[in-house]
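Each remark here refers to the structure printed beneath this line.
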Amino acid sequence: MTFNETGLKPEILKAITEMGYENPTPIQEQTIPHLISSTQDLVALAQTGTGKTAAFGLPVLHNISMQIKEVQSLILCPTRELCLQISRDLEKYSAYLPGLKTISVYGGADITKQIRELKAGGQIVVGTPGRVHDLIRRKVLNVSAIRWMILDEADEMLTMGFKEELDAILATTPAEKQTLLFSATMPLGISEIKSKYLNNALELSVGKRNAGAENVEHHYYVVHAKDKYATLKRIADNYPDCYAIVFCRTRMETREVAEQFMADGYNADALHGDLSQAQRDQVMARFRSKQLQMLVATDVAARGLDVNELSHVINYSMPDDPEVYIHRSGRTGRAGKSGISVTIVHMKETGRLKQIEKLSRKKFERKMVPGGNEICEKQLFHLIDRVKSVEINEAQIGNYLPQILEKFEGMSNSDIVKHFVSLEFNQLLDYYKNARDLNIKAEVPRDSFSRNDRGCDRMSFTKLFINAGKKQNLNASGLIGLINEYSNRRNIEIGKIDIQRKFSFFEVDSNYEKDLIKALNNAVIEGHVINIGRVQSTEGQQPREGGSFRREGGYGGGFSGGRRESRREPAFSDRGDRPRRRRN
Ligand code: AMP
């Protein structure tokens, strides 16, 4: 299908042709003709990079009335960056639609300016849920006459805690509007929104998770946890031309890695939620213009960054959610280019890697962390290539050439080359002299973390106590079920289980200890108030029933205690490690 066949207005076709759009992307092929001619709601499973902004933006622009100055379309999206990006795209698409005005409203920016703009009138409002809700309550934004309601990156809006605002906004919009919901994933919350606010929606999926996924190679390196940073440096050194986002798990980790990375002389900076908006804008602009080669970022902060030419995505910390991995790796290999998604894992994470491999249906290839010689060789030839391809400023250099040659008199060509290379290279050669092998020697058994396999020396377990045992009809599989249910995860490694009469012990992957205690402590199961806590190092010490053993976690002794409300909802995965709500 060509754009001419979609039925879009000539003014719009002219604008997108000038933008270099030749043919519609798969999602545009499906949405544009439908939205031009039908008022049926639509749900589309689509990620950034698939062309979804044009998929909803072009038909809305086609149908909108330029004579009416009231808001006719409301577009909600999770971040300020995305909001600005959508507005920018809509402005370009409407370059030949005089009188068309798009207003963007988002948190963390002067509200009075946004109010002034709204009062001046515009047909399309693009905003983040918090600010849009605020403006509706202040009665400056009137959405009672909108014809198109668009929820972009709906899953992300839920993850960021905007459920209440979404409900409140949707409740004030007219029933007759057409609602379009775009989401990269379809979690339960999205199904709820779908059934509550959309009618008989046409459901679309863009097939591939993202346009470039086919071109992405998935590599992983297995190292000890303490060697993760050294591995990152080696990867960066081994790909001297890389243009990459390095994903970390938390703001603190992002900050620490970026600071160290910069201190070590890499052309990198950090992007995370602790930075002011102005700082974030500046870092993103430097990265977009390639002044920065590597951006160390959290998932949330990187959301709004629309960069198509990344050569690498580096997972410094592997995400918990396989969908997040797919999302991250889909940021490379776009626009017909190839890309590499690199993951640095420690032994205990290989199980999770396997899950991701299954879900993404991609083969992950184990790579060996390059050694000093390999890196030095790579860097050396990279330097030579750069020397050969550098543009020579004949006029300037020519002036000095006779004196330069005079200074080199008596030296052979190869001596001169050696001197130049040494000048560039001595430091690197020195750094990598006697560099350690960072690879974990043994071939990683891909199933090495089955429940009974404790052969791995890096797996760290914590022993926990729970005040339920045979008396409460608890057995090993019941306990595992309980852990899965309350943790909302199926992949937590569980070690030895010891079920006694009124209490039990079990070992759990130390990474999940705190979350599990938080999720299960005080839960009421069949009328029994659960107490759970850590058994402190009491090697060999067998606690007596009802006896005393040191533990953390506020165990009050005994199994009685007042009945408390069950805390089944939400389970811990919905609390502890959820990205904190952004200001809006
Ligand atoms: P999006 O998924 O909307 O963020 O779009 C990803 C990128 O693809 C943006 O840079 C768009 O400008 C670009 N794009 C969208 N549709 C097309 C198209 N039909 N042809 C070429 N580029 C496109």
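In the working numbering, each residue carries its 1-based index in the sequence shown increased by 1459. Every residue, glycine too, gets a C-beta built ideally from N, C-alpha and C.
Under the DSSP assignment, G1810 falls in the alpha helix (DSSP H) whose first and last residues are 1809-1819. P1469 is classed as exposed because its beta carbon has fewer than 16 other beta carbons within 10 Å across all chains shown. For K1961, no pairing in a beta bridge is given by DSSP.
When the alpha-carbon of L1517 is set against those of I1583, S1848, G1567, L1933, the nearest one is in I1583.
In the structure shown, V1967 falls within a strand segment according to DSSP collapsed to helix, strand and coil. Under the DSSP assignment, H1677 falls outside any alpha helix (DSSP H), being part of the beta strand (DSSP E) whose first and last residues are 1675-1681. Across the structure, G1510 and H1987 are spaced so that their CA atoms are roughly 53 Å apart. Rounded to the nearest whole angstrom, the C-alpha separation of I1834 and T1713 is 25 Å. DSSP, read as helix, strand or coil, puts F1706 in strand.
Straight-line measurement puts the Cα of T1791 at about 7 Å from the Cα of E1768. The criterion of a C-beta distance shorter than 8 Å is not satisfied by V1828 and T1709. Taking every protein chain shown into account, the CB of D1723 has fewer than 16 other CB atoms within 10 angstroms, so this residue is exposed. Short note on G1763: C-beta not closer than 7 Å to any heavy atom of the ligand AMP. Counting the other CB atoms within 10 Å of its CB gives Q1886 a total below 16, which places it among the exposed residues. Between the segment 1659-1666 and the segment 1494-1509 there are three or more C-beta pairs closer than 8 Å, enough to call the two in contact. The DSSP-derived three-state label of H1878 is helix.
Sequence-distant partners of L1842 (beyond 5 residues in either direction) whose C-beta falls short of 8 Å from its own C-beta, in its chain, are V1880, E1883, F1884.
For D1728, the enclosing beta strand (DSSP E) covers residues 1727-1730.
Here M1478 is not near L1533, since their CB atoms are 8 Å or more apart. In terms of CA proximity to I1958, N1926 leads the group E1718, N1926, I1495. In this structure, L1541 lies away from E1623, with their beta-carbon atoms at least 8 Å apart.
Taking C-beta atoms as the reference points, D1614 and P1646 count as a pair closer than 8 Å.
The beta carbon of G1831 is closer than 6 Å to those of Y1891, A1894 in its chain, skipping five residues each way along the sequence.
Around the CB of A1729, 16 or more other CB atoms lie within 10 Å, so the residue is classed as buried. Taking each of T1507, F1964, V1530 in turn and checking the Cα distance to T1632, the smallest one comes out for V1530. Distance from the C-beta of P1483 to the nearest heavy atom of the ligand AMP is below 7 Å. Taking the CA atoms as reference points, N1726 sits about 39 Å from K1560. Residue P1483 holds the alpha-carbon nearest to the alpha-carbon of V1665 among G1732, E1850, L1657, P1483.
Nearest Cα to K1826 within the set A1978, R1693, Q1526, T1921: R1693. In this structure, the straight-line span from the alpha carbon of S1963 to that of D1758 is close to 38 Å. Taken in chain order, the whole beta strand (DSSP E) runs of length 3 or more contained in the segment 1560-1622 are 1561-1564, 1583-1586, 1607-1610. Within the segment 1815-1868, the complete alpha helix (DSSP H) segments of 4 residues or longer fall at 1831-1848, 1853-1866, listed in chain order. Nearest in C-alpha terms to R1811, of all of I1574, D1779, E1824, is D1779. Cβ-Cβ distances below 6 Å link K1821 to H1677 in the same chain, with the five nearest sequence neighbours on each side left out; the list follows chain order. Of the residues A1604, K1578, L1467, R1606, the one whose Cα lies closest to the Cα of R1597 is K1578. Runs of the beta strand (DSSP E) spanning 3 or more residues and lying entirely within the segment 1698-1784 occur at 1703-1706, 1727-1730, 1753-1756, 1771-1774, in chain order.
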